[in-house]
Amino acid sequence: MITSSLSVLECLELSLKFCLAVAFKRWGRTMSYFLRAVFFLFAVTVPVSSANALEFYYERFTDIVARNYPGWTPVAPFFELPTADNKDPEAKGRIGGVWNFGTAPGAGGRVYFVQAGSYCNGPTTPVAYSGRVQPLGNFVYRIEYRATGEIVVRGATPDKVIFRISALDAQYIRQIAVNIRNPREYYLPGNRYSAALTASRAYCGGRYNYALKSVIAANVEIKFFVVRSVSSTIELSAFRDRLKINLGLKAAGNISTEGEPAIVFDEGVLAFAVKVEPLQ
Amino acid sequence: MRGSLLGVVCALLIGCATPPTVSSVLKRHYRGYDQIAPASGLDLTHPQYKLIPGALIVLNLEQPATSSRANVWSTDNSYCPPGYSIANLRMVRRPPAAVDYRFDFSTRRLLGLRRAKEQLNLEENEVQFLRRVTIRVSNARTFKRKGTAQLDDDCLTWILHRAGTHRLESILVGDLHVDVLFKDNVSLLNRFHIVGKLRGAIGIEVLKAEQYTSSDQDLVFGILARPFRPK
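Chains as they are written, first to last, in this note's numbering: chain A, 14 to 293; chain B, 286 to 516.
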């Protein structure tokens, strides 16, 4: 995993250097090797616990959504919406359906919703109106390298991870850009939404905590700009395959070597923000 | 005496400085119209589009108006359509407009750099790459409510219980352009990052020039709405 910049590690590094110098002088090589081993174990176990690690991507995304789409809340992970010709009332993302959402802290004191696919639609949930909405700005994560070789992502704190990319692969990445294109908003007139929600609650029971009122979905494209030293197609292909598996991406991934070398995953139309009503 | 004159000039400059935002364009050039955020693409034909003049819609005030900016509203998508489409309404052409902001080093402190950063959602080290930002509106036109809307009785009953219900009297539609002029020698990725934060989804191949324009067409970005009180 990539960890964020760790001032703690810097302090540890300085402390270790001092300790090593003292240890070597007093006790020789054996003790200095022991201290190196202790530091290594500390460094790989302290910064991130997988149980506490947060998806930094979604935290930062709440700020982006709040600026561009006031009143909307991001949802993680993004989910697929039914295509226009899909009339199945039980398809995911129908307006008037009921959901279980958890909440997680985002940037600036905001929250984003966490979903695990726990939802239910009534048997007569209608197809929503869909209209174009202003595009969302691109946002870019900058990956930098400290002089010590540690990977730094601006704005992150020690308990954050980025896309769960291994440190070994992260050294090949210059920058990650998420491009959200052609966003559309899905909603229903008030009485039709109310009727759909009533039917969903009667059909699905009281196990759900939110009603889905509106959704924004768009083409989501993730671009990994790669360092120039990784230029051969074979290397890029292998790297692309690892990214796809590790991140659980759907698209095959296209390699671009014109200008900045990059790997592009076009994930298709995904819902990324919602408006909901709490259910009592 | 010279110091006093300088102070007066500075005060005037600060007072006259208008950050390039959609709400400041509306305040200056399209009086009476507030901003609706996010802007939505115009739909001329569908009768269930939420921003048809005559519709009832619940609005939430995101940013109150100031001397230089109009109100910024959002909606929770609680609405009742009026029973017709926008194509049935009369269109009135409006003149184009622009608001320009120059990031000249010698004057940026006087012109309230911090306020500009907040309005543009940029960091200090991002603003330094910019020479000028301009927001332009072209192809502007308005559509106004006509006659009595045919609201669905069930929808009317449903929305009357909701706070913040307004009637849409008119909408302002146009093409929005953001012109960004970078300083010399700003890297491609920095330009990509900054323009992406300012406006819309773009392709990196477009950013090779020093000046970049991002455009969105046929956006409903201004509304004239009044609180709805049933008779």
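Beta carbons: idealized from backbone N, C-alpha and C, even for Gly.
Identify each residue in the stretch 317-328 of chain B for which the Cβ-Cβ distance to at least one residue of chain A is less than 9 angstroms, and report them in chain order. Look at the stretch 317-328 of chain B: the residues with a C-beta under 9 angstroms from a C-beta of chain A are Ala322, Pro323, Ala324, Ser325, Gly326, Leu327, Asp328.
At least one CB of chain B closer than 8 angstroms to the CB of glutamate 198 of chain A: is that the case? Closer than 8 angstroms: yes.
Starting from alanine 382 of chain B and walking both ways along the beta strand (DSSP E), at which residues does that stretch end? Looking at the DSSP string, the run of the beta strand (DSSP E) that includes alanine 382 of chain B is 382-387.
CB-CB under 8 angstroms to histidine 519 of chain B, same chain, minus the five flanking residues each way: which ones, in chain order? Here chain B has residues from 286 to 516 only, and residue 519 of chain B is not among them.
Cut-off 8 angstroms between Cβ atoms - residues of its own chain near valine 310 of chain B, not counting five sequence neighbours on either side: Short of 8 angstroms from the beta carbon of valine 310 of chain B, and not among the five residues preceding or following it, lie these beta carbons of its own chain, in chain order: Ala382, Ala383, Val384, Ile420, Val422.
Please report the straight-line C-alpha distance between leucine 395 of chain B and glycine 203 of chain A, rounded to a whole angstrom. Low confidence applies here, because leucine 395 of chain B scores a pLDDT of 45, under 50, leaving its location unreliable; read the following figure in that light. Their backbone Cα atoms lie some 48 angstroms apart in a straight line.
Leucine 461 of chain B: buried (16+ other C-beta within 10 angstroms of its C-beta) or exposed? buried
Closer than 8 angstroms to chain A by CB, serine 363 of chain B: yes
Do you know offhand how far phenylalanine 506 of chain B's Cα is from valine 465 of chain B's? 20 angstroms
Give, in chain order, every unbroken run of the beta strand (DSSP E) that is at least 3 residues long and sits entirely within the stretch 192-250 of chain A. 223-239
Is the distance from the Cβ of arginine 194 of chain A to the Cβ of alanine 231 of chain A below 8 angstroms? yes
Looking at the structure shown, is phenylalanine 414 of chain B part of a helix, part of a strand, or coil, going by DSSP? coil
Sequence-distant residues of its chain with Cβ nearer than 7 angstroms to proline 338 of chain B (five each side left out): Leu374, Phe428, Lys429, Arg430, Leu453, Glu454, Ser455, Ile456
In terms of alpha-carbon separation, which member of B/Pro323, B/Met376, B/Tyr369 lies closest to glutamine 435 of chain B? B/Tyr369
Residues of its chain near alanine 264 of chain A, where Cβ-Cβ distance is below 6 angstroms and the 5 sequence neighbours each way are ignored: Phe278, Asp279, Glu280
Taking all protein chains shown into account, decide if alanine 296 of chain B is buried (16 or more other Cβ within 10 angstroms of its Cβ) or exposed. Residue placement at alanine 296 of chain B is poorly supported in this model, since its pLDDT is 45, which falls under 50; the coordinates are not used for a value here.
Buried or exposed (CB count within 10 angstroms, at least 16 for buried), isoleucine 444 of chain B: Buried: at least 16 other Cβ atoms inside 10 Å.
Does aspartate 501 of chain B come within less than 8 angstroms of chain A when only Cβ atoms are used? yes
Should alanine 89 of chain A be labelled buried (16 or more other beta-carbon atoms within 10 Å of its own) or exposed? buried
Give me the Cα-Cα distance between serine 308 of chain B and proline 87 of chain A, rounded to the nearest whole angstrom. 25 angstroms
Note down, in chain order, every chain B residue with its Cβ under 7 angstroms from the Cβ of lysine 288 of chain A. Asp361, Asn362
Segments of 3+ residues assigned as beta strand (DSSP E) that fall wholly inside the stretch 339-372 of chain B: 341-348, 357-365
Give every residue of the same chain whose Cβ lies closer than 6 angstroms to the Cβ of phenylalanine 74 of chain A, excluding the five residues on either side of it in the sequence, and list them in chain order. Pro87
Going by C-alpha to C-alpha distance, which of A/Ala129, A/Glu234, A/Val228, A/Pro136 sits closest to phenylalanine 285 of chain A? A/Val228
Residue-level contact to chain B via CB, valine 282 of chain A, 8 angstroms cutoff: no
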